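Numbering of the sequence shown is given in numbering that gives the first Met the number 0, commencing with residue 0 and proceeding in unit increments.
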Amino acid sequence: MKQFFFITIMLLMFRAADAQSQFQEKIIVVEKDFTANYYTNEDYVIITILSKFVPSIYTDINKNNLIDPFIEKIYSVSRGNNLCVANVLEGESSTTCDQATNAILVAKNNEYQFIIPKNELTYIPKEPIFLTFGAWNEEKKIHFTISNKNKSYVLN
Numbered sequence: 000m001k002q003f004f005f006i007t008i009m010l011l012m013f014r015a016a017d018a019q020s021q022f023q024e025k026i027i028v029v030e031k032d033f034t035a036n037y038y039t040n041e042d043y044v045i046i047t048i049l050s051k052f053v054p055s056i057y058t059d060i061n062k063n064n065l066i067d068p069f070i071e072k073i074y075s076v077s078r079g080n081n082l083c084v085a086n087v088l089e090g091e092s093s094t095t096c097d098q099a100t101n102a103i104l105v106a107k108n109n110e111y112q113f114i115i116p117k118n119e120l121t122y123i124p125k126e127p128i129f130l131t132f133g134a135w136n137e138e139k140k141i142h143f144t145i146s147n148k149n150k151s152y153v154l155n
């Protein structure tokens with residue numbers, strides 16, 4: 000109940016800010032089965048993903064266009080449309096879900112909205128944020144990366 004109340008307050012706050020044009024939606028990814036848009040303010044990034052597959056967001060906290068073990072995080076969706084935050088380990092492995100976060104996930108049908116504090120995505124929240132994306136096709140048991148010519152997507 001407490002989390003629902005917090006989500007409701009956050010959504011009302013973002014809608015009010017949007018109505019005042021403080022948030023401007025920007026497109027990050029447009030693929031056949033995966034689109035991502037984002038809003039940002041001083042403290043948060045709100046990423047809305049439309050996908051028939053389970054989306055993942057990979058951080059590039061140190062902005063080097065590499066996935067660095069023990070530094071980067073993965074934001075994804077676990078069963079029941081719950082937020083899964085994992086730390087990246089070596090050899091393409093990761094920790095289990097439930098790593099410390101202040102992020103929120105709102106999911107319905109094929110729409111996923113991640114509300115993530117900027118300080119979880121970058122060391123310096125006032126600078127651009129580097130992210131990459133992936134998706135899990137449960138039916139075919141295949142994970143694939145949304146490519147940006149081997150570079151991160153940059154959010155300003």
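C-beta atoms are modelled at their ideal positions from N, C-alpha and C, and glycine is treated no differently. Everything numeric in this text was worked out from a predicted model, so none of it was measured.
In this structure, how does DSSP classify residue i when only helix, strand and coil are distinguished?
i: K117; result: helix
i: Q112; result: strand
i: I56; result: strand
i: S146; result: coil
i: F33; result: strand
i: C96; result: coil
i: I45; result: strand
i: Y122; result: coil
i: S75; result: strand
Would you please state the rounded distance, in angstroms, between the beta carbons of residue i and residue j? I believe it to be under 8 Å.
i: T121; j: Y152; result: Actually they do not touch by this definition, with Cβ atoms about 13 Å apart.
i: K72; j: Q98; result: 7 Å
i: A134; j: V53; result: 6 Å
i: S50; j: N86; result: About 23 Å; that fails the 8 Å criterion.
i: L154; j: P127; result: 6 Å
i: K150; j: N64; result: 5 Å
i: F69; j: L88; result: 7 Å
i: N136; j: A106; result: Actually they do not touch by this definition, with Cβ atoms about 17 Å apart.
Let me make sure I understand the geometry here. Which of the options has the alpha-carbon closest to that of residue i?
i: I60; options: A35, K117, C96 and I48; result: K117
i: F129; options: I66, V29 and T34; result: I66
i: I158; options: Q23, S92 and E41; result: The structure shown does not extend to residue 158, since the chain is modelled only from 0 through 155, so no value can be given for it.
i: T94; options: S146, N155 and Y74; result: Y74
i: I45; options: K139, I114 and T58; result: I114
i: V84; options: E30, N63 and I56; result: I56
i: S146; options: E30, E24, K25 and I26; result: E30
i: K148; options: V28, Q23 and E24; result: V28
i: T144; options: D32, R78 and I26; result: D32
Which residue or residues does DSSP assign as beta-bridge partners of residue i?
i: N177; result: There is no way to answer for residue 177, as the model of the chain reaches only from 0 to 155.
i: L130; result: T58 and Y152
i: I70; result: In the DSSP output, where bridge partners are listed per residue, I70 has none listed.
i: L88; result: DSSP, once it has assigned bridges, lists no residue as partnering L88.
i: N80; result: The partner list for N80 (beta bridge, DSSP) is empty, contrary to what the question assumes.
i: I27; result: Bridge partners of I27: none, in fact.
i: A106; result: Y111
| said: Taking 8 Å as the cut-off, does the region 27-36 touch the region 83-101 (at least 3 CB pairs, one atom from each stretch)? | reply: no
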